[in-house]
Structure formats: C-alpha cells, structure tokens
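Engineer: Before I ask anything, here is the structure I am working with.
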Amino acid sequence: KRYKPVAKRTYPVKQTTPEEFQVVRNITGDPLENMPKLSPHPRPFTPTGRYTAERKAVIDAVHSEDFLWPEE
C-alpha cells in the first residue's frame, strides 16, 4: 500500500467541542486528605520478595558516592 500524497492530506477543522462531549470535573473535598503520612526517617531496609538484599547491594554499589545526602 502506497502512502497518501501530501496534496490529499486531510486537515483538522478548528472548532469548539460541543457541550455534550466536554468532560466536567467535579472534585469535592481534598483528594490528599486520606493519604498516609510518610516519615522523613524511614525504617531500616528489610528484604522482600522482589527487592532482595543482593539487589540492594548492587544498587548501592552503583550509586555509592554522592547519590543522596546523609539526611536523605
């Protein structure tokens, strides 16, 4: 199948979207209200099923110097 020539290109029509197709956003209240608060001092690392101690050692070796500040 050959490409369509530029002369036969269809151009979009500039107009406003009808009211029945417009998205109405009605956000009531604070959506961040029920989010859990994160501690600035996280717990020590505990290995899980996906992020094991071996994977943590590899990541720490790659980003060993000046990746995060001490308070991070």
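Read in order, the letters of the sequence shown correspond to residues 1 to 72 in full-length UniProt numbering. Glycine residues also receive a C-beta, built at the ideal position from the N, C-alpha and C atoms.
1) Which residues bound the alpha helix (DSSP H) around A53?
2) Are K37 and F45 closer than 8 Å when you measure CB to CB?
3) Please report how far the alpha carbon of P12 lies from the alpha carbon of R2, in whole angstroms.
4) Using the Cα positions of P18 and E54, report the straight-line distance between them to the nearest angstrom.
Structural biologist: In short:
1) A53 to V62
2) no
3) Distance from the CA atom of P12 to the CA atom of R2, rounded to whole angstroms, is 22 Å.
4) 57 Å
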